[in-house]
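Protein chains in written order, with the numbering used here: chain R, 92 to 436; chain U, 92 to 436; chain H, 92 to 436; chain C, 92 to 436. One structure is given below, encoded as C-alpha cells.
4 protein chains.
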Amino acid sequence: MKALVYLGPQKKALQDMPKPVLAAPTDAIVKMTRTTICGTDLHILKGDVPSCTSGRILGHEGVGVVAEVGSAVTAFKPGDAVLISCVTACGKCVNCRRQMYSHCTTGGWILGNSIDGTQAEYVRIPHADMSLYAIPPGADEEALVMLSDILPSALECGVLNGRVQPGSSVAIIGCGPIGLAALLSAKFYSPAEIIAIDLDDGRLAVAKRFGATATVNSGDGHAAEAVMQLTAQRGVDTAIEAVGMPATFELCQQIVAAGGTIANIGVHGVKVDLHLEKLWDRNITITTRLVDTVSTPMLLKTLHSHQLDPKPLITHRFKLDQIIQAYETFAQAAQTHALKVLIEA
Amino acid sequence: MKALVYLGPQKKALQDMPKPVLAAPTDAIVKMTRTTICGTDLHILKGDVPSCTSGRILGHEGVGVVAEVGSAVTAFKPGDAVLISCVTACGKCVNCRRQMYSHCTTGGWILGNSIDGTQAEYVRIPHADMSLYAIPPGADEEALVMLSDILPSALECGVLNGRVQPGSSVAIIGCGPIGLAALLSAKFYSPAEIIAIDLDDGRLAVAKRFGATATVNSGDGHAAEAVMQLTAQRGVDTAIEAVGMPATFELCQQIVAAGGTIANIGVHGVKVDLHLEKLWDRNITITTRLVDTVSTPMLLKTLHSHQLDPKPLITHRFKLDQIIQAYETFAQAAQTHALKVLIEA
Amino acid sequence: MKALVYLGPQKKALQDMPKPVLAAPTDAIVKMTRTTICGTDLHILKGDVPSCTSGRILGHEGVGVVAEVGSAVTAFKPGDAVLISCVTACGKCVNCRRQMYSHCTTGGWILGNSIDGTQAEYVRIPHADMSLYAIPPGADEEALVMLSDILPSALECGVLNGRVQPGSSVAIIGCGPIGLAALLSAKFYSPAEIIAIDLDDGRLAVAKRFGATATVNSGDGHAAEAVMQLTAQRGVDTAIEAVGMPATFELCQQIVAAGGTIANIGVHGVKVDLHLEKLWDRNITITTRLVDTVSTPMLLKTLHSHQLDPKPLITHRFKLDQIIQAYETFAQAAQTHALKVLIEA
Amino acid sequence: MKALVYLGPQKKALQDMPKPVLAAPTDAIVKMTRTTICGTDLHILKGDVPSCTSGRILGHEGVGVVAEVGSAVTAFKPGDAVLISCVTACGKCVNCRRQMYSHCTTGGWILGNSIDGTQAEYVRIPHADMSLYAIPPGADEEALVMLSDILPSALECGVLNGRVQPGSSVAIIGCGPIGLAALLSAKFYSPAEIIAIDLDDGRLAVAKRFGATATVNSGDGHAAEAVMQLTAQRGVDTAIEAVGMPATFELCQQIVAAGGTIANIGVHGVKVDLHLEKLWDRNITITTRLVDTVSTPMLLKTLHSHQLDPKPLITHRFKLDQIIQAYETFAQAAQTHALKVLIEA
C-alpha cells in the first residue's frame with residue numbers, strides 16, 4: 092500500500108509499504124478515507140521527536156472504514172465508518188481509569204510516532220474499542236477529521252483547562268490551526284471577550300471571522316499593553332498559549348489577570364522563564380496537557396447538533412498521491428495561508 | 092409617593108405611601124425608573140407567603156437611580172444608575188461568606204416580602220454595596236430589569252445546578268418567563284438538545300423562537316414518552332423544573348437519564364412523590380435553590396457582550412399609574428400571552 | 092463445586108454446581124478464598140430483586156486467586172491474588188467512559204444477580220481487566236473483602252456524593268455495616284461532627300467506637316430535635332441515608348441544613364415523600380447512586396497506608412460449608428450483633 | 092503604646108507610638124493579647140517589600156479583645172475576643188465577591204505592610220466585620236494565633252490548591268513553620284504518603300513527629316532520586332513548594348507525577364526556570380496564591396473539634412517587651428530550633 096514514510100530528519104517519501112496486520116486481539120485494521128497533517132508531523136520531520144524513528148509511517152488523524160477486527164473487539168465490525176482518535180487508550184490501566192488517556196501505559200500518542208500512522212491506505216489501531224468512534228450515517232467526514240486531534244487538543248488543553256466561563260475574557264496567543272480551534276471551542280462557553288493575538292494579519296482576519304472580539308498583532312512588541320488596554324488594565328481570565336515559544340509564554344504571564352489561568356497547548360522545545368517573583372501572590376494557575384481525547388464524545392454531539400462547525404479550518408484538499416505537495420502547502424502556511432490540509436485516500 | 096400595596100389575600104391597591112428613609116448606615120434610597128411583576132407577587136396575592144403581611148409594598152426587581160446613601164455605603168453615590176438585586180446580602184455573615192446570599196442572616200429575599208419593595212417611586216435597599224450593581228452608561232435599562240431576578244434564578248437554580256454542558260441534553264418543563272429565561276441561559280453552555288415542554292402551544296412557539304431544538308405539548312399525558320423518543324430512550328442529562336407542581340416534578344423523574352440532574356426552580360406549595368424505588372440506583376442528583384444572585388456579575392458581562400439578549404422576554408409595557416392593569420395582563424397570561432410586563436416609574 | 096444457590100423466594104441451598112468456564116476472551120475464572128454476605132443478598136432471598144432468578148449462585152464480594160484467563164485479558168494471569176469488584180465494567184461503553192461503571196452497558200451489578208456470583212468455590216468474572224484488582228503480597232485478605240462493595244458504596248454514595256469536608260457536620264442514619272462503613276470513610280475528610288443515628292443502642296455503641304462524635308437513638312421519635320440541638324439548630328451539612336425506608340429519608344429532610352446534601356445509599360422498595368414545599372428554597376442537593384467502584388484504587392491506597400482499617404466490621408467467620416449458618420447469623424443481626432460475616436472457601 | 096516599628100532595611104525598634112483611632116465606620120480597634128512573627132516580617136526587614144515603608148508597625152497575626160468599633164460594624168462589640176485575619180477584606184468588591192480576599196481592592200495583605208500592624212498594644216482593623224473572627228469562650232488563644240496566617244496559607248495555597256486527596260502522595264519541600272502547617276492541614280484529607288524534604292535534620296525530625304511518612308534530606312543533591320524511589324518512580328501527586336527559591340521549585344518539577352500539581356506557597360524574589368520542554372505533555376498544574384483566608388471558618392471548626400492541633404508549632408514564648416529577642420530567636424532558627432514564637436502583650 093502507499094504510505095508517507097519518515098526517513099530521518101528532513102526526509103520523507105510516499106512509498107510502498109506492507110499492509111498492516113492484526114497484532115493483538117484488541118486491534119482493528121482501518122482503511123483510511125481521509126487524513127490530514129499536524130504541526131507535530133513537521134516537528135518529527137525536523138528531528139525533534141526522538142520516539143519517532145526512520146521508517147515510520149506518519150499521521151495520527153483521520154476517518155476510515157473498519158477492514159478487520161481482532162477477536163476481542165466488540166464495538167466495531169468490518170464496514171463500520173469510524174473516526175480515529177490521535178490518542179490510543181486501553182481504558183483499563185491506572186492512567187486510563189482516571190481518564191488521562193494521554194498517559195495510557197500501553198497507548199497515548201503512539202500513532203505516527205512509535206507505531207505506524209494514518210497517512211497511508213491502511214492503519215492498525217490498537218485498543219480499537221477505546222480508540223475509534225462510530226460515525227453516524229450522513230455525517231460530514233471532512234469535518235470529522237478535525238475531531239481526531241485538533242479540536243479535542245484545543246478544547247481540553249486550552250478551553251477546559253483554562254476554565255473559560257460565560258462572561259469571562261480569553262486571550263488566544265497564536266492563531267494557527269490549534270489556536271483557531273481553541274477559539275471555536277471557547278465559544279461553547281460564551282466568554283464576553285476573545286482576544287486573538289498573532290504576528291500575521293491574515294490569520295488575525297481569520298480569527299475575527301471565527302468570532303474573536305478583538306485582535307492584536309504582536310509584531311510591534313506591544314501586545315501586552317494592547318491587551319491590558321482592551322481589558323481596562325485587568326488582564327484576561329484565561330490566556331491560551333498556542334505557539335510553544337518562550338516569548339509567547341512570557342506574553343501570557345504579562346496579560347493574565349489575578350486569579351486567572353495560563354493554559355498551555357504549545358509544544359515547547361526549550362525551557363521558559365516563570366516570573367514567580369511577580370506571580371507568587373497573584374493566584375495564578377498554569378496548566379500543561381497532552382490531549383486525552385476524553386472530550387471526543389462531547390465534541391461529536393456538538394458537531395451533530397451544529398454547535399460546532401470546524402469545516403472552515405480546512406483550506407486545502409489533496410489526494411494521497413499528492414501528499415508531498417500537501418506537506419509543502421502546510422509547511423509554508425505564511426505563503427499559502429494554509430490552516431488544515433485534507434488528504435483523501 | 093405612589094406604590095403598589097398588598098392589602099391581604101386577593102387585595103392590592105396603588106396608594107400614596109411615605110417615601111422611604113435611610114434606616115441603617117449601609118442603606119441606600121433608590122428612585123425607581125423601571126420595575127416588573129414576578130410570579131411570586133401573584134403567590135403573595137393568593138395569600139401563600141406568610142412572611143408578607145398586609146400593608147407591604149410589593150416588588151423585588153428593577154433599575155433606578157441612587158437618591159441617597161448611608162454613611163457606610165462606599166460603592167455608590169447619589170446619581171448612580173443601578174440594578175437592584177432581588178436578594179439582599181450583607182456579604183459577611185456565615186451564609187454570605189459561602190456565597191449563599193439567599194440565606195443571608197439579615198437579608199435574602201426580603202424586598203417586597205418582609206420589607207417594602209420596588210413597585211413604587213422609591214425603595215430603601217439595605218446592604219446597598221452588596222445588593223446594587225452599577226449600570227454602565229448606555230446600557231439598555233429594560234434588558235437590565237430581567238437581571239434582577241428572572242435571569243439569575245434561571246441560571247443558578249436551573250442551568251448551573253443542572254450542570255448543563257456542551258453537547259448535553261436539557262428538558263425545560265414549563266415555558267413561562269422563568270422557563271424561557273432558563274432556555275436563554277442554558278444556551279451559554281451549548282447543549283446539543285433543549286426540549287421545551289408546556290401545555291400551551293403559544294409558549295412552545297416562543298420557546299422554539301428562543302432556541303429550543305424540540306417542543307412537547309404535555310397536554311395529552313404522553314410527554315415522558317415523547318421525550319424518551321427524542322432522546323433514543325436515554326432521557327435527558329438535565330431536567331429543569333420551572334413550574335412547581337407535583338405533576339411536573341413527576342415528569343422530571345420519568346425523563347431524567349441515569350447520571351442526570353433534576354434542577355428545581357419551581358415554587359412548590361405541597362409535597363411531591365419521590366420515586367426512590369426507581370431512582371435509588373440511577374445516580375441522580377436533585378437540587379433546590381433560592382436564587383443567590385451570585386451570578387449577577389457574570390450576567391452583566393454576558394449582557395454587555397451580547398451573549399445574552401433578554402429583551403424578547405418583555406411583552407408588555409406600562410406606566411406605574413397603570414400597574415393594576417399590568418398585574419391583570421400578567422396574571423392572565425394565557426389570554427394576553429404576557430411574559431414579563433415592564434413598568435416605568 | 093460447592094455453591095450457595097438461590098432457589099426462589101425464601102429458599103436457598105449449598106449445592107454442587109458445575110465449575111464455571113470462560114465464556115468470552117475478556118473473562119477470568121477466579122478460585123475464591125474469601126467472600127461475605129451483603130444486605131442485598133437478603134433482599135434477593137425475599138424475592139425483591141426480579142433480575143435474580145432461581146438457580147443463581149449468590150454473592151458479589153470477595154478475594155481469590157486467578158485460575159484461568161481469556162485471550163484478551165492482559166492485566167492478570169493464573170496465580171494472581173485478586174480483589175473482586177461488586178461492579179463489572181467493560182471500561183469502554185458510553186457509561187464507563189464517564190466513570191459510571193454501575194451502568195456499564197454489558198456489566199454493572201450482575202455478579203450474584205443476573206450471572207452467577209462469588210459464594211462458591213469458583214466464579215467467572217467478565218471484563219476481568221477492569222473488574223479485578225491486584226492484591227499486593229502480604230495484604231490482609233480479610234480487610235480486602237470489605238473493599239468489594241461496602242467501602243466503595245459507603246464512600247461514593249455517601250461520603251463523596253455528600254461532599255463531606257474538613258470541619259463539616261455529618262449525620263449517618265442507620266448504623267448497619269453500610270452506615271458504619273460510611274462513618275469510616277467520612278473520617279478521610281476530617282468532619283467536625285459525625286452524628287450516628289440508629290434504633291439499636293448496641294450499634295450506636297459500635298458507631299461511637301468507630302469515631303462518631305455523638306449518637307442518637309431514634310426510637311423515641313425525637314431524633315430530628317436531638318440533631319437540631321446538637322447542631323445549634325442549624326442542621327447537618329450532610330445527611331447520609333443508610334437504611335432505605337420512608338421514615339429515615341423523612342428524617343434526613345428534617346435535619347439537613349440550608350445548603351446541605353442528602354446522600355442516599357439505602358435500597359428503597361417504595362416511594363417516599365419529598366417536602367419540596369419546605370425545601371424548594373433551602374439550596375438542598377439530594378443524590379442517589381449505585382456504587383461505581385471508581386474509588387477502589389483510592390481505597391486500596393488508604394488501606395495499604397493504614398488510613399483505613401475496615402477489619403472491625405467483621406464480626407463472625409465461617410467456612411463455605413457453614414454458609415447457611417452464616418446467612419442466619421447475618422440475617423439475625425439484632426440478636427447476633429453481626430456486622431459483616433466472613434466466609435472462607 | 093509600645094509597638095515594634097520598622098525603621099528601614101535591617102532596622103527595627105520597640106517604640107512608643109500613638110494608639111490607633113477609628114478612621115472609617117467599618118473599623119475596629121483591637122487590644123492585642125497575643126501576636127507572633129512571620130517569615131514575611133523578616134523579608135520586610137531585609138528591605139524586600141517596597142510597600143512597607145519606614146515607620147510602620149509590623150505584624151499581621153494575633154488575637155485580642157475589641158476595644159472600640161465604628162458605626163457600621165455590626166458583628167462585633169467592645170469586649171469581644173477576636174482572631175485577626177492576616178488579610179483584610181471588604182467582602183463586596185469584585186475580588187471579594189469571588190472569594191479572592193487577598194486581592195480585595197481596599198484590603199488584602201495590608202496589616203503590618205501598608206498600614207500599621209499587630210506587634211503592638213493596639214491595632215486598627217479595617218473592614219472589621221469581615222476581617223475578625225469571634226473566639227468562643229474557653230478556646231485556646233495560643234493555638235488560635237496560628238490561624239491568622241500560617242494555617243490558612245498552608246491549607247489554601249498548598250493543600251487545597253494542591254488537591255490533596257485520600258490515598259494520594261504529597262511532597263512538602265521546606266519544613267519551616269509554613270511547610271509544617273501544610274503537613275498538618277494535608278492530613279485533613281488522609282493522603283497515603285507525605286514526604287517531607289528539608290536541609291535540616293532537626294526539622295525533618297519534627298516533620299516525622301507531625302506525621303510525615305518519609306523524610307528526605309536534600310543536602311546531598313539527590314532529593315529527586317530519593318522521592319522517585321519512594322514513589323516507585325511515579326513521582327508525587329502534589330508537590331508543595333514552601334521555600335521560595337529557584338532550586339526548590341526545580342525540585343518540584345523533577346518529582347511531580349504526570350497529572351500532578353505543584354502548589355507554590357513560597358515567596359519568590361527572582362524568576363525560576365519552568366521546564367516546559369519536559370512538562371508540556373505531562374498534564375501538570377502549577378498554582379500560586381496569596382492566602383485568601385476563606386478557609387478560616389473551616390479551620391476554626393477543625394480546631395474546636397480537635398481535628399487540628401497547631402500548638403506544637405509554637406516553640407518559644409515572649410512578652411511584648413522582649414520582642415527584639417523574639418525576632419532574634421525566630422531569625423536564627425537553625426540555632427534556636429524556633430518554629431513560631433509567641434508574643435504576649
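Positions of the beta carbon are idealized from the N, C-alpha and C atoms, including for glycine.
For LYS431 (chain C), the uninterrupted beta strand (DSSP E) run begins and ends at 431–435, by DSSP. Three or more Cβ pairs closer than 8 Å define a contact, and the segment 253–261 of chain U meets that threshold against the segment 273–282 of chain U. The three-state reading of DSSP puts ASN252 (chain H) in coil, since its state is none of H, G, I, E or B.
Per DSSP, reduced to three states, the secondary structure at SER260 (chain R) is strand.
Annotation: THR209 (chain R) is outside any alpha helix (DSSP H) and is labelled neither H nor E by DSSP. When C-beta distances to chain H are compared with 9 Å, the residues of the segment 232–263 of chain C below that value are LEU246, GLN256, PRO257, GLY258, SER259 and SER260, in chain order. The count of Cβ pairs closer than 8 Å, one atom from the segment 173–180 of chain U and one from the segment 133–141 of chain U, stays below three, leaving the stretches out of contact. Residues are counted here when their Cβ sits less than 9 Å from a Cβ of chain U; for the segment 275–294 of chain R these are SER276, LYS278, PHE279, TYR280, SER281, PRO282, ALA283 and GLU284, given in chain order. Contact check for HIS359 (chain U) against ALA349 (chain H) fails: the beta carbons are separated by 8 Å or more.
It is roughly 7 Å from the alpha-carbon of SER244 (chain C) to the alpha-carbon of THR384 (chain C).
When C-alpha distances from ILE264 (chain R) are compared across R:CYS343, R:PRO141 and R:SER239, the shortest belongs to R:CYS343.
For ALA305 (chain C), the number of other beta carbons within 10 angstroms of its own is at least 16, and it is reported as buried.
Taking a C-beta distance under 8 Å as the contact criterion, THR393 (chain C) and LEU399 (chain C) qualify as a contact pair.
Under the three-state reduction of DSSP, GLY150 (chain C) is assigned to coil, being neither helix nor strand. In the displayed model, LEU295 (chain U) falls within a helix according to three-state DSSP.
Among the residues of the segment 108–138 of chain H, none has a Cβ less than 7 Å away from any Cβ of chain U. Annotation: the continuous alpha helix (DSSP H) that includes LEU342 (chain R) extends over 337–346. The DSSP-derived three-state label of PHE421 (chain R) is helix. Note on geometry: alpha-carbon atoms of GLU368 (chain H) and ARG325 (chain H) lie some 19 Å from one another. Within the DSSP secondary-structure output, GLU284 (chain R) pairs in a beta bridge with R:SER260. The Cβ of MET319 (chain R) sits no closer than 8 Å to any Cβ of chain U.
Residue-level contact check: SER396 (chain R) does not touch chain H, since none of the beta carbons of chain H fall below 8 Å from its beta carbon.
As computed with DSSP, GLN416 (chain R) is found in no beta bridge at all.
Excluding its 5 nearest sequence neighbours in each direction, PRO111 (chain C) has C-beta neighbours in its own chain below 7 Å: ILE120, ASP207, TYR213, VAL214 and ARG215, listed in chain order. Cβ-Cβ separation between ILE128 (chain H) and VAL432 (chain H): approximately 6 Å, consistent with a contact (criterion under 8 Å). Residue burial annotation: GLY249 (chain U) is buried, with at least 16 other C-beta atoms found within 10 angstroms of its C-beta. Counting the other Cβ atoms within 10 Å of the Cβ of GLN101 (chain H) gives fewer than 16, which makes it exposed. In the DSSP assignment, ASP364 (chain U) falls within the unbroken beta strand (DSSP E) covering 363–365. A Cβ of chain H is located within less than 8 Å of the beta carbon of VAL361 (chain U). Bounds of the alpha helix (DSSP H) holding ASN186 (chain R) are 185–188. Counting only residues of its own chain and dropping the five nearest sequence neighbours on each side, VAL185 (chain C) has a CB closer than 8 Å to the CB of THR196. With a minimum length of 4 residues, the unbroken runs of alpha helix (DSSP H) contained wholly in the segment 385–409 of chain C fall at 387–395. Annotation for ALA315 (chain R): LEU342, GLN345 and ILE346 place their beta carbon closer than 8 Å to its own, counting only its chain and skipping 5 residues before and after. With its beta carbon less than 8 Å from one in chain C, LYS392 (chain H) belongs to the interface. Following the DSSP letters along the chain, one finds ALA317 (chain U) in no beta strand (DSSP E) but inside the alpha helix (DSSP H) bounded by residues 314–321. Close to PRO388 (chain H), with beta-carbon spacing below 8 Å, are these residues of chain R in chain order: VAL185 and ARG188.
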